[in-house]
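A.B. asks: Residue numbers (this note's numbering), protein chains in the order written: chain A, 1 to 415; chain B, 416 to 830; chain C, 831 to 1245.
Think of the CB as a built atom: it goes at the ideal place given N, C-alpha and C, for glycine as much as any other residue.
Here it is, the structure in full.
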Amino acid sequence: MSRSLLWGLLFACLSALPAARGAEPQRWVLSSASENRRTETFHLDGARLTPQQPNWRVDQKTLHGGRQEGCELLVVDNGRLRITLIPTRGMSVLEVVAGDLRLGWKSPVAEVVHPREINLHSRGGLGWLEGFNEWLVRCGLESNGHPGTDKFINNTGDEASLELTLHGRIGNIPASEVEVVVDPAPPHRITVRGTVWERSFYGPHLKLQTELSTEPGSLEFRIADTITNHGAQEQEFEILYHANYGAPLLQEGAEFLAPVQRVVPFNAQAAKSVAKYATFAGPTVGFTEEVYCLYPLADDQHRTLIALRNKAADRGASIAFNVQELPHLTLWKNTAAEADGYVTGLEPGTNFPNNRRIERKLGRVPKLAPGATRTATLDFALLPDAAAVKGTADRIARLQSRQKPVIETAPEKKE
Amino acid sequence: MSRSLLWGLLFACLSALPAARGAEPQRWVLSSASENRRTETFHLDGARLTPQQPNWRVDQKTLHGGRQEGCELLVVDNGRLRITLIPTRGMSVLEVVAGDLRLGWKSPVAEVVHPREINLHSRGGLGWLEGFNEWLVRCGLESNGHPGTDKFINNTGDEASLELTLHGRIGNIPASEVEVVVDPAPPHRITVRGTVWERSFYGPHLKLQTELSTEPGSLEFRIADTITNHGAQEQEFEILYHANYGAPLLQEGAEFLAPVQRVVPFNAQAAKSVAKYATFAGPTVGFTEEVYCLYPLADDQHRTLIALRNKAADRGASIAFNVQELPHLTLWKNTAAEADGYVTGLEPGTNFPNNRRIERKLGRVPKLAPGATRTATLDFALLPDAAAVKGTADRIARLQSRQKPVIETAPEKKE
Amino acid sequence: MSRSLLWGLLFACLSALPAARGAEPQRWVLSSASENRRTETFHLDGARLTPQQPNWRVDQKTLHGGRQEGCELLVVDNGRLRITLIPTRGMSVLEVVAGDLRLGWKSPVAEVVHPREINLHSRGGLGWLEGFNEWLVRCGLESNGHPGTDKFINNTGDEASLELTLHGRIGNIPASEVEVVVDPAPPHRITVRGTVWERSFYGPHLKLQTELSTEPGSLEFRIADTITNHGAQEQEFEILYHANYGAPLLQEGAEFLAPVQRVVPFNAQAAKSVAKYATFAGPTVGFTEEVYCLYPLADDQHRTLIALRNKAADRGASIAFNVQELPHLTLWKNTAAEADGYVTGLEPGTNFPNNRRIERKLGRVPKLAPGATRTATLDFALLPDAAAVKGTADRIARLQSRQKPVIETAPEKKE
């Protein structure tokens, strides 16, 4: 038997063994550039590992065919929620499903496209859209937002120009390290960690440490990320969590709920409809996107809460986050025809999705000192019934009760 | 034995079983993004499947080494013709061989380059040429023709500019679905179907359904394609069948035969030699391409017939197609040195290969309504002897007999 | 057992057998596009093949995880030196290690990035830097040097413009043919040959035949390359050997030794420090690169010798090369912070690393006639102690003794 095959077999067996035992969390390394390994398929079974709480599993598979060839999926099923992550696409989350409630949408891009198929510079810097179909994709890190020319300091110390591409690179970089951790102590929290490096010589050396975790039987999960500047100099960065929702949660009469200090239309197109920014139309052929820039209100711990609910107010989904970590919130309304992608995006971020050139001018591009980190912790919940929706709506109303929202009727002055 | 290996073995076995039996055509799925499968190697044997007509086979293999790593080839041998398709490169046809007669050419690009190696934007939008070595490659679908700036409507509803790249993307997109179908009834027609998606969010959602079929023992085969607009809005598209022929069929004194209403030189360079547009020079170092735009004459069923024959008129190849489907015919003469690619292209299309900006202005960019389709059916024949060549030449002459061709001496006014 | 698996096993066994026996050199083909093969792992063992000289080995492995997925490494261990080549990245050399002496550096790019991850046009034509971490990477062949606009003759015979990207493509093209040859006669020289094609239809057809060889037990190795123009027309080309050294050899007080006729600062930034061009600073946060263009002095056989030595002058590394083959020598000083890449490059080449447009204007872009070749032979030595350093320094001093170096204080006039 060939050496490569033997290694493959040995490796497949080893990878099914936890890296640590006992009271410590159990840890399985699925993929690791530093240890030179990658797992083709993987399976963890709650019934075997935590017999007292058997109803969960974790599975990895590799996709085949077309532009998805070689792309990995990692599915965490907590017994109530099934969360599908894409390690090959920067740890994006393809969808989250709980019965008839689904976080996700139906993009015209039906395959999970391997980043090696994507040219971010295509179609005037919109190449990112050829792979865009995730429920949650991070935008950044060197930049996010609209494509267009910006300046940078090149290797010779001179100011040079570069073409930034839509929403940056992080969603199209394969994770270098992927591991699953299961807490041996009840409630046996399941955690997936992925490390994605966005780095270049004479460029940024940014590490994104992602973490998604959930408890068996829960309708909630958390994303807790850390961005670290591994360079020796101060480094600009941007991150935006592009969370996208389609039918059936999104429908005519669905509503966006958020406690807001101020709402600003992104452009003249959005300004026309700012009065009804929080309600959604049904699928509309030829609809042009409407984008709103929001400044959310938060509690004393700086947490805010936003939600999307269906027309009957008996299904919904919410996101709680910290406005010191993610002070800007973008609402992207794209109620186009189903075939073109009927979707809305709820997008907490460090900035709004203008080109970085504009965001920098307006003071919304943060910097990381050498070795410094920035964290973002987002708590997601599925709201399966009217009571859950009402509970969330009430909490949002309480946050809003402190002040009336200011609704701007004109876009920000940008250039 | 690891799970992945077991699946691999099981899968390899299953994939050699037909998907349907009995009077129905027998169908084998080789690759499928929707079913998440890909076949590394595959073999169908006429002797086993149709004992009364044993002399055919179908084989798939995967290429290795250099820039071809991971590229698939699918070889249909009908007992007389050996047709090599490239599922990984948009279902292009690498070559068709029958004894000493070969449809194909010798490109300086000797490897079958994997699309993930290609940057279409390289060398001023000519990156497509780094993989160009097929006998037949489709050019399109969002656009084909020369690289250069064109306009489009971007996500914000604004007109924006993009750089179109030479001959578009379809020839560098791996097929999402590939299947082989064999008719259980004589003459046991063998059909290869491939589905190639050219799609992007905020972009075209075009499906190309390709079909290549042939009968055991025949010197003919058919390509029957369907393009469908899966978007909710009207969509421009272009397709051009770039069929390329080199030595020995192409040689000094070889002749191009076509019934033409009008011949227009593509540019000033071609205009110089328009009088002898239908005859070929031998390999010529430093030859600059000459391109002619032809409006073919057709019969009452709108079918036209074109051919290439060698100097002795005892070897040739023909293409029949429908001028309502493909009204424009481009003749590309590139009788350069053998080392640089001695080749001519016979190119039926929806348009001529100007940049889409020009073709649109001149009214030659068709549109598809939502859900609408456009078909193209091309019949290819190898002409193995003088009689076959004469028969084809006579049919072409009959089509021409209705009117004398108009030979323009100046290029079309373009901008 | 599936056909593919059987072939895989058979192949793995066959590939461990030499292609020829007896007095002839023993040859193993590891990868071959022309023979459609690729080896996942490979091992040669000196103890088995040359029992009288058992202390060497050759190993190939494939990298996994992150952006290095599928990248091959080939490690030649001559018993004293361990040389790691990267066939997938144009036969670059990742590092050379002998005990505590290492040729190489610590780039912020920690993974060996697969070329399919790289877009050379990224970041204003600096995409090459996303994979830059090798000790030795060849820059070329159509062009090397700074990114920027240049002209070329396109398919229509017209002058068109293209954006050249930093240091060209050759370092990001997988080798098409890779073989290992071991001389059965003492001293059993081990040779790795790799063929890398840089070719495009309507573009260059350049073949780079690389060869790296060493003898068991030696602290020296040789790179002997041949570039051939396989096109039918004269072809410009450029090659530069970008050899990069970091700590601990590079340190404050380390010194560059070279016999030079003339030293010209590359730009105003370098001009400021030209007086101390040959000595190095320690890691310096925010250091801007300093580049010097050198015209080396050579002996009567046109060989020159350059070296880098540490502060104590008891560790060093040298390069000998032929100034008729490589007349221009670039010294790149980048004594940045360790985290940003503390490194210096010693870069013999056909040209200096200006954009090709400038190099052409200044008469430094060579051409190859059809079928013509250009060779480059470079001898590398590790200098493990003060005696070895002194021996090399003395040889360099003798070459310099013929004339005093001219140190220019202003950059060359370029445009």
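What do you get for Gly1076 (chain C), buried or exposed, if any count of 16 or more other CB atoms within 10 angstroms of its CB means buried?
C.D. replies: With 16 or more Cβ atoms within 10 Å of its Cβ, Gly1076 (chain C) is classed as buried.
A.B. asks: List the endpoints of the continuous beta strand (DSSP E) containing Lys819 (chain B).
C.D. replies: Looking at the DSSP string, Lys819 (chain B) is not in any beta strand (DSSP E), and its letter there is neither H nor E.
A.B. asks: Give the residues from the stretch 444-455 of chain B that approach chain A closer than 7 Å (Cβ to any Cβ), ordered along the chain.
C.D. replies: If the cut-off is 7 Å between Cβ atoms, the stretch 444-455 of chain B has Ser446, Ser447, Ala448, Asn451, Arg452 and Arg453 near chain A.
A.B. asks: If you run the structure through DSSP and keep just helix, strand and coil, what is Val528 (chain B)?
C.D. replies: Looking at Val528 (chain B) - three-state DSSP - the assignment turns out to be coil, as it is neither helix nor strand.
A.B. asks: Leaving out the 5 sequence neighbours to the left and right, which residues in its chain are closer than 6 Å to Thr1203 (chain C) when beta-carbon positions are compared?
C.D. replies: The residues are Thr1056 and Thr1058.
A.B. asks: List the residues of chain A that Ile588 (chain B) touches, going by C-beta distances under 9 Å, in chain order.
C.D. replies: By Cβ distance, chain A contributes Gly66, Arg67 and Glu117.
A.B. asks: Assuming Leu798 (chain B) and Thr807 (chain B) make a contact with CB atoms under 8 Å, what is their CB distance in whole Å?
C.D. replies: Yes, Leu798 (chain B) and Thr807 (chain B) are in contact; Cβ-Cβ is about 6 Å, under 8 Å.
A.B. asks: Under 8 Å by Cβ, that's how I've got Gln648 (chain B) and Val285 (chain A) pegged, so tell me the actual separation to the nearest angstrom.
C.D. replies: So it is a contact: roughly 6 Å between Cβ atoms.
A.B. asks: Return yes when the Cβ of Pro1046 (chain C) is within less than 8 Å of the Cβ of Gly929 (chain C), no when it is not.
C.D. replies: No, the pair does not count as a contact, with Cβ atoms beyond the cut-off.
A.B. asks: Between A:Val58, A:Thr50 and A:Pro108, which has its C-alpha nearest Ala337 (chain A)'s C-alpha?
C.D. replies: Out of A:Val58, A:Thr50 and A:Pro108, A:Pro108 has the C-alpha closest to the C-alpha of Ala337 (chain A).
A.B. asks: For a contact defined as C-beta to C-beta under 9 Å, what are the partners of Ala1062 (chain C) on chain B?
C.D. replies: Within 9 Å Cβ-Cβ: Pro698, Val700, Gly701, Ala751, Ala752, Glu753, Ala754 and Asp755.
A.B. asks: Tell me the DSSP secondary structure of Asp300 (chain A) in three-state form.
C.D. replies: Three-state DSSP puts Asp300 (chain A) in coil, outside helix and strand.
A.B. asks: Beta carbons nearer than 9 Å to chain C: which residues of the stretch 673-684 of chain B have them?
C.D. replies: Under the 9 Å Cβ criterion, the stretch 673-684 of chain B contributes Phe681, Asn682 and Gln684.
A.B. asks: Does chain F have any CB closer than 8 Å to the CB of Glu827 (chain B)?
C.D. replies: Annotation note: the requested chain F is absent from the structure, which comprises protein chains A, B and C.
A.B. asks: So with CB distances below 8 Å, who are the chain B contacts of Val109 (chain A)?
C.D. replies: In chain order: Arg614, Ser615 and Phe616.
A.B. asks: Quick check on the DSSP output: the alpha helix (DSSP H) that includes Val1104 (chain C) runs from which residue to which?
C.D. replies: Note, Val1104 (chain C): premise wrong, no alpha helix (DSSP H); not H, not E.
A.B. asks: Any idea if Gly1201 (chain C) is buried or exposed, counting beta-carbon neighbours within 10 angstroms, 16 or more meaning buried?
C.D. replies: Gly1201 (chain C) should be labelled exposed.
A.B. asks: Please work out which residues of its chain come closer than 6 Å, Cβ to Cβ, to Leu1229 (chain C), disregarding the five sequence neighbours upstream and downstream, and give them in chain order.
C.D. replies: Hits under 6 Å: Pro1089 and Leu1127.
A.B. asks: For the ligand SAM, I want to know if Leu308 (chain A) counts as a neighbour, meaning its beta carbon is within less than 7 Å of at least one of the ligand's heavy atoms.
C.D. replies: No copy of the ligand SAM occurs in the structure displayed, which carries no ligand at all.
A.B. asks: Under the three-state reduction of DSSP, which class applies to Val178 (chain A): helix, strand or coil?
C.D. replies: Looking at Val178 (chain A) - three-state DSSP - the assignment turns out to be strand.
A.B. asks: Report the CB separation of Gln261 (chain A) from Val58 (chain A) in whole angstroms; it is logged as a contact under 8 Å.
C.D. replies: The pair is not a contact, with the Cβ atoms about 40 Å apart (cut-off 8 Å).
A.B. asks: Are at least three pairs of beta-carbons, each pair with one atom in the stretch 571-578 of chain B and one in the stretch 527-534 of chain B, less than 8 Å apart?
C.D. replies: They do not touch, by the three-pair rule.
A.B. asks: Any beta-carbon of chain C closer than 8 Å to the one on Leu120 (chain A)?
C.D. replies: Leu120 (chain A) counts as touching chain C.
A.B. asks: In chain order, what residues of the same chain lie with their CB nearer than 6 Å to the CB of Lys1220 (chain C), ignoring the 5 residues before and after it?
C.D. replies: Excluding positions up to five away in sequence, the list is empty.
A.B. asks: Looking at the C-beta of Ser539 (chain B), does it have a partner C-beta in chain C at a distance below 8 Å?
C.D. replies: A small correction: the amino acid at residue 539 (chain B) is Gly; Ser does not occupy that position in the sequence shown. Closer than 8 Å to some Cβ of chain C, the Cβ of Gly539 (chain B) qualifies, so yes.
A.B. asks: Give the interface partners of Phe321 (chain A) over in chain B, defined as CB-CB distance under 9 Å, in chain order.
C.D. replies: Residues of chain B passing the Cβ test: none, with the nearest at roughly 25 Å.
A.B. asks: Taking the Cβ atom as the reference point for each residue, do Asn949 (chain C) and His121 (chain A) lie within a distance shorter than 8 Å?
C.D. replies: In contact: Asn949 (chain C) and His121 (chain A) (Cβ atoms closer than 8 Å).
A.B. asks: Please state whether the Cβ-Cβ distance between Tyr241 (chain A) and Pro327 (chain A) is less than 8 Å.
C.D. replies: Contact: no.
A.B. asks: Whose C-beta lies closer than 6 Å to the C-beta of Gly104 (chain A) among residues of the same chain, with five residues either side of it excluded?
C.D. replies: If we look at Gly104 (chain A) and ignore the five residues flanking it on each side, its Cβ neighbours are Glu95 and Trp135.
A.B. asks: May I ask you to verify whether the stretch 871-882 of chain C touches the stretch 1009-1019 of chain C, counting CB pairs closer than 8 Å and requiring at least 3?
C.D. replies: Short answer: they touch.
A.B. asks: When you compare only the Cα positions, how much space is there between Ala784 (chain B) and Arg614 (chain B)?
C.D. replies: The alpha-carbon atoms of Ala784 (chain B) and Arg614 (chain B) are separated by roughly 16 Å.
A.B. asks: Given Leu85 (chain A), which residues of its chain have a CB within under 8 Å of its CB, disregarding the five upstream and five downstream residues?
C.D. replies: Here the set comprises Leu73, Leu74, Val75, Val76, Met91, Ser92, Val93, Leu94, Val192, Gly194 and Leu212.
A.B. asks: Residues of the stretch 974-986 of chain C in Cβ contact with chain B at a cutoff of 8 Å, in chain order, please.
C.D. replies: Result list: Phe982, Asn984, Asn985 and Thr986.
A.B. asks: Which term fits Gly22 (chain A), buried or exposed, when burial requires 16 or more other beta carbons within 10 angstroms of its beta carbon?
C.D. replies: Legend: pLDDT at Gly22 (chain A) = 49, less than 50; position of this residue unreliable, value from coordinates given subsequently. By the 10 Å Cβ count, Gly22 (chain A) comes out exposed.
A.B. asks: From what residue to what residue does the beta strand (DSSP E) around Arg193 (chain A) run?
C.D. replies: From DSSP, the beta strand (DSSP E) with Arg193 (chain A) extends over Ile190 to Arg199.
A.B. asks: Do Trp443 (chain B) and Val595 (chain B) have their C-beta atoms closer together than 8 Å?
C.D. replies: Taking 8 Å as the Cβ cut-off, Trp443 (chain B) and Val595 (chain B) qualify as a contacting pair.
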